[in-house]
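**Q** Got a structure for you, questions after.
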Amino acid sequence: MALEPQATPAPAVNTSRSFPDRAVLFVARHWLLLVNLAVFIFIGLPILAPFLAEAGLERPAYWIYSAYRITCHQLPYRSYFIGGPAFTHSVAEIEAVTGVNDKFALIHRPLVNSVFGSQTAVCHRDIAIYGAVLVAGLVFGLVRDRLKPLPFKFFLLFVIPIAVDGFTQLLGGLVPFLPARESTWFLRTVTGALFGIGGVWLAYPYIEQGMREIRQSLEKASQDSDLVLT
């Protein structure tokens, strides 16, 4: 009786890559998307809060205001407003309506009323910083293969403006050589945005380099394993 030819066995399938390896590889491949998404949510919620308050959804707005207390002072005269006559208000305007003469007494007491509207859950500077991080992160996606890290000495040029504006505002009137001053929404926004852009330019190229090395290492290990099994 003639013998039937035996079928060639199929190549073994590599199932050796563990779940942790797959998870690490996923993060290494998509880290920028994940970071940009996280920043979008982080900066989007405090901007959403006043819209919720204006729509009468006070409870979810309160949850957001409460959650962001740990990240920001939430002083109303250093925050944006939605639904009122202006998008920002001075210390004098806030004091005239609230009757609170100690401007720091309003820390973590966001204003939601018919006079000013509803304030964002974080201040001008925070919105500028994280907004700039988000925009710079999106731009980085277009140049990630060729952008070099910002040298640290040049990063200081992005830090000095926010440091000067912030510390002269904080220490003004408390030390003899600094007069009391309150910064403006414009200065807070510009200095915050510069800081956010500089931070992305400094850090993201290094992160991309590290993630690329992780990807290459895991992919090479997977290819070597495939060769052994086939």
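The working numbering numbers the first residue of the sequence shown as 6 and each following residue consecutively. The C-beta atom is built at its ideal place from N, Cα and C for all residues, glycine as well. These numbers were taken from a predicted model, which means no experiment stands behind them.
1. Just to confirm the assignment, what range does the beta strand (DSSP E) spanning S71 have?
2. For a test of the three-state rule: what should DSSP assign to I112, helix, strand or coil?
3. Could you pull the start and end residues of the beta strand (DSSP E) that Y135 belongs to?
4. Report the CB separation of Q79 from A126 in whole angstroms; it is logged as a contact under 8 angstroms.
5. In the DSSP assignment, the beta strand (DSSP E) including I87 goes from what residue to what residue?
6. Figure out for me which residue from G177, V96, I87 and P154 has the closest Cα to the Cα of S123.
7. Take the Cβ of S84 as the centre, count every other Cβ of all protein chains shown within 10 Å, and call the residue buried at 16 or more, exposed below.
8. Given a threshold of 16 other Cβ atoms within 10 Å of its Cβ, counted over all protein chains shown, does F163 qualify as buried or as exposed?
9. Taking DSSP as the reference, what is the three-state secondary structure of Q214?
10. Please list, in chain order, all residues of the same chain as A141 whose beta carbon is under 6 angstroms from its beta carbon, the five residues on each side excluded.
11. If you count every other CB in all the chains shown that lies within 10 Å of the CB of V233, and 16 or more means buried, which is it?
12. Taking just the CA atoms, how far does M216 sit from L161?
13. Quick test of the definition: if touching needs 3 or more C-beta pairs under 8 angstroms, does the segment 143–154 touch the segment 26–46?
14. With a Cβ-Cβ cutoff of 8 angstroms, do Y73 and I99 count as a contact?
15. Please list the terminal residues of the continuous alpha helix (DSSP H) segment that includes N1.
16. Under a Cβ-count criterion, where at least 16 other Cβ atoms within 10 Å of its own Cβ denotes burial, should F92 be classed as buried or exposed?
17. Mark E213 as exposed unless 16 or more other C-beta atoms lie within 10 angstroms of its C-beta, in which case mark it buried.
18. Alpha carbon to alpha carbon, how far is K225 from F24? Give it in angstroms, no decimals.
19. Please check the pair I167 and G136, which I expect to be a contact at CB under 8 angstroms, by giving their CB distance rounded to whole angstroms.
20. Quickly, what does DSSP pair V180 with across the bridge? List them, please.
21. Would you please state the rounded distance, in angstroms, between the beta carbons of G89 and F121? I believe it to be under 8 angstroms.
22. Do the CB positions of T5 and D131 come within less than 8 angstroms of each other?
23. Only counting the same chain, and skipping five residues up and downstream in sequence, which positions put a Cβ closer than 7 angstroms to that of T20?
24. Just list the residues that DSSP pairs A117 with in beta bridges.
**A** Quick answer:
1. Taking the sequence shown and counting its residues from 1, one reaches residue 71 at position 66. Taken as a continuous stretch (DSSP letters only), S71 belongs to no beta strand (DSSP E), being part of the alpha helix (DSSP H) at E63 to A72.
2. Translated into the one-based positions of the sequence shown, residue 112 becomes position 107. Looking at I112 - three-state DSSP - the assignment turns out to be coil, as it is neither helix nor strand.
3. Translated into the one-based positions of the sequence shown, residue 135 becomes position 130. Taken as a continuous stretch (DSSP letters only), Y135 belongs to no beta strand (DSSP E), being part of the alpha helix (DSSP H) at H129 to V148.
4. Position 74 of the sequence shown, counted from the first residue, corresponds to residue 79. Position 121 of the sequence shown, counted from the first residue, corresponds to residue 126. Contact holds; Cβ gap of about 7 angstroms.
5. For the purposes of this step, residue 87 is taken as the residue at position 82 of the sequence shown. It spans S84 to I87 - the beta strand (DSSP E) in which I87 sits, taken as one unbroken run.
6. Numbered from 1 along the sequence shown, position 118 holds the residue referred to as residue 123. Answer by Cα proximity: I87.
7. Within the sequence shown, numbered from 1, the residue matching residue 84 stands at position 79. With 16 or more other Cβ atoms within 10 Å, it is buried.
8. Sequence index remark: in the sequence shown, residue 163 carries index 158 (1-based). Burial call: buried.
9. For this step, residue 214 is matched to residue 209 along the sequence shown. Looking at Q214 - three-state DSSP - the assignment turns out to be helix.
10. If you number the sequence shown from 1, residue 141 lands on position 136. If we look at A141 and ignore the five residues flanking it on each side, its Cβ neighbours are I202 and V205.
11. Working through the sequence shown from its first residue, we reach residue 233 at position 228. Residue placement at V233 cannot be trusted, given a pLDDT of 47 that sits under 50; the coordinates are not used to answer.
12. By one-based count along the sequence shown, residue 161 stands at place 156. By one-based count along the sequence shown, residue 216 stands at place 211. Those two C-alpha atoms are separated by around 26 angstroms.
13. yes
14. Position 68 of the sequence shown holds residue 73. Position 94 of the sequence shown holds residue 99. Cβ distance not < 8 angstroms, so Y73 and I99 don't count as in contact.
15. Summary: the structure shown does not reach residue 1, with the chain confined to residues 6 through 235, and so no result is reported for it.
16. If you number the sequence shown from 1, residue 92 lands on position 87. So F92 ends up on the exposed side.
17. What you label residue 213 is simply residue 208 of the sequence shown in a count that begins at 1. Buried: at least 16 other Cβ atoms inside 10 Å.
18. Within the sequence shown, residue 24 is the residue found at index 19, counting from 1. Within the sequence shown, residue 225 is the residue found at index 220, counting from 1. For F24 and K225, the distance between alpha carbons rounds to 17 angstroms.
19. Residue 167 sits at position 162 when you count from the first residue of the sequence shown. Residue 136 sits at position 131 when you count from the first residue of the sequence shown. With 8 angstroms as the limit, I167 and G136 do not qualify as a contact, their Cβ atoms being about 14 angstroms apart.
20. Taking the first residue of the sequence shown as position 1, residue 180 is located at position 175. According to DSSP, which records beta bridges pairwise, V180 is partnered with G177.
21. Position 84 of the sequence shown, counted from the start, is the residue given in the question as residue 89. Position 116 of the sequence shown, counted from the start, is the residue given in the question as residue 121. With a Cβ gap of about 4 angstroms, G89 and F121 count as contacting.
22. An answer regarding residue 5 cannot be provided, because it is not within the stretch 6 to 235 covered by the chain.
23. Here the question's residue 20 lines up with position 15 in the sequence shown. Because T20 carries a pLDDT of 47, less than 50, the predicted location of this residue cannot be relied on, and no value is offered for it.
24. Locating residue 117 in the sequence shown gives position 112, where the first residue counts as 1. In the sequence as presented, Ala is not what sits at residue 117; that position holds Val. According to DSSP, V117 bridges with S123.
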